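Taking the numbering used here, the leading residue of the sequence shown gets 3, the next gets one more, and so forth.
Read the structure below first, then the notes.
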Amino acid sequence: MVDYRGQRLSEYVYSILTILFGAIAWVVGYVHQDFLLTFYGWSIGLGLSLLICIPDWPMFNRNPVVWLEEIGKANKSKITSKNS
């Protein structure tokens, strides 16, 4: 499971890659006067960013979330410690 900082990193990487490839593709398409080049360049950047950001990579799990103990288990342990 991706932690909160990993989600932020994933969103940042996705935004940077999509904008970077889109800008470069726009310039290349403008120079060559071909919108299809712009679309292909942007599509490659989008596909790359999706391959990097969608899977649950270890770099997105560096700060695991510490969950509270289940309520039923906490009550049982309190009752058991009081009876002992």
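Note that the Cβ used here is the ideal one computed from N, Cα and C, for glycine as well.
These numbers were taken from a predicted model, which means no experiment stands behind them.
Item: Cβ shell of Ile26 (< 7 Å), same chain only, five flanking positions each side left out; Value: Gly43
Item: Sub-9 Å separation of Leu2 and Leu19 beta-carbons; Value: The shown model of the chain, from 3 to 86, leaves out residue 2, and the question about it has no answer.
Item: Environment of Asn74 [buried if 16+ CB atoms lie within 10 Å]; Value: Before going further, note that residue 74 is Gly rather than Asn in the sequence given. Flag for Gly74 reads exposed.
Item: Span of the alpha helix (DSSP H), counted from its first residue to its last, around Glu13; Value: Tyr6 to His34
Item: Residue of Ile21, Val4 and Gln9 minimising C-alpha distance to Ser45; Value: Ile21
Item: 6 Å Cβ shell around Asn65 - same chain, five flanking residues per side excluded; Value: Asp5 and Arg7
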